[in-house]
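Residue numbers (UniProt numbering): 1 to 335.
For glycine and all other residues, C-beta sits at the position ideal for the given N, C-alpha and C.
Notes for the one structure printed next.
Next comes the structure, spelled out in structure tokens:
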């Protein structure tokens, strides 16, 4: 039984890489804080990005509306996938200051915005000079296009990767060490390396969530992926999106009747089989529009459409705009 569960988790992690490519993740390390108690930082809801914090020394408390406070210690990583407003503080009774105000007090005028690449992270000092010290790295995971992405849809408001005895998992410790070194290095390409290391933090946080059976949602992409038959069907769709899939063909491939397969797929994943196939093809097409110079006819063929016309029509329904306009808009935003 344990081996079967392990293999399902491995498959989930394998597919995760595929789906994260659809997100076109862009990580930014914004600040390295040295905080002296009592202190509190309040961050407003962030549209288009997922804030993250890594505690590298000391202890603090993270609070979100309608949720119990989460105590954090050195070695902990937290990610807020949906950009929810939250507060970090030395204690529940500590005075709270808006995050942007703290940045301004330290001479940081520009703040993060979707599609805008930040410069080197700011070193921020805040709080009483004599209070207990907490050091935190903060940043943002941004997604060029988070539209209907199955990973983001199933992630909880808060993911915590907990350290032990004041230390994080070995992968996190190594990543943080490299992140700090590169973020403040003057060497060519250092900032880009720091951003890619931060990407690893997001991937590993999601992997940790997937591996946590107790947090598995009652429906959605992850629940479907952890079902042996439906998970196999999802893998087939992701690996061979251009094939002429039908409900019957996928059912046959996973050894179920058409009716049982269609009903189980919808119950677990939360949408019909062919709706999911379309979403997968559109995510793939969106990536090709942004990263390749292929014409629309070529892209149509690569994602399973016989003609440019049928592809363009399907893409417009999915994205709310024609593929050509989508390509121009996304490339302009990336400049």
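Buried versus exposed, by CB contacts within 10 Å (16 or more), residue i
i	result
residue 229	buried
residue 318	buried
residue 81	buried
residue 221	buried
residue 205	buried
residue 214	Low per-residue confidence applies at residue 214: pLDDT is 49, beneath 50, and the placement is therefore not dependable, though the value from the model is reported in the following sentence. It counts as exposed.
residue 283	buried
residue 104	exposed
residue 333	exposed
residue 325	exposed
residue 98	exposed
residue 142	buried
residue 320	exposed
residue 312	buried
residue 139	buried
residue 187	exposed
residue 49	buried
residue 244	exposed
residue 287	buried
Bounding residues of the alpha helix (DSSP H) (the contiguous stretch that carries residue i)
i	result
residue 58	Run containing residue 58: none; DSSP gives neither H nor E here.
residue 248	247-253
residue 202	190-210
residue 224	221-225
residue 307	It is not in any alpha helix (DSSP H) - residue 307 carries neither H nor E in the DSSP assignment.
residue 107	No alpha helix (DSSP H) holds residue 107; DSSP gives it neither H nor E.
residue 46	Careful: residue 46 lies outside any alpha helix (DSSP H) and carries neither H nor E.
residue 256	Unbroken run through residue 256: none, as it is neither H nor E.
residue 239	228-239
residue 178	170-183
residue 72	It is not in any alpha helix (DSSP H) - residue 72 instead sits in the beta strand (DSSP E) that spans 70-73.
Start-to-end residues for the beta strand (DSSP E) that takes in residue i
i	result
residue 160	159-161
residue 86	86-89
residue 29	25-36
residue 127	122-127
residue 78	77-79
residue 141	133-143
Pair within 9 Å by beta-carbon distance, residue i and residue j
i	j	result
residue 51	residue 75	no
residue 289	residue 330	yes
residue 131	residue 36	yes
residue 62	residue 69	yes
residue 39	residue 128	yes
residue 273	residue 250	yes
residue 87	residue 42	yes
residue 185	residue 123	no
residue 195	residue 26	yes
residue 201	residue 172	yes
residue 55	residue 198	no
residue 133	residue 58	yes
residue 208	residue 161	yes
residue 96	residue 126	no
residue 242	residue 304	yes
residue 285	residue 261	no
Near the ligand SAH: residue i beta-carbon under 8 Å from a heavy atom
i	result
residue 98	The model on display carries no ligand, and the ligand SAH is accordingly not part of it.
Inset, instruction - Quick one: which unbroken beta strand (DSSP E) runs of 3-plus residues sit fully inside the segment 263-287? Chain order, please. - result: none
Inset, instruction - Take every Cβ of the segment 261-277, pair it with every Cβ of the segment 224-241, and state whether three or more of those distances are shorter than 8 Å. - result: yes
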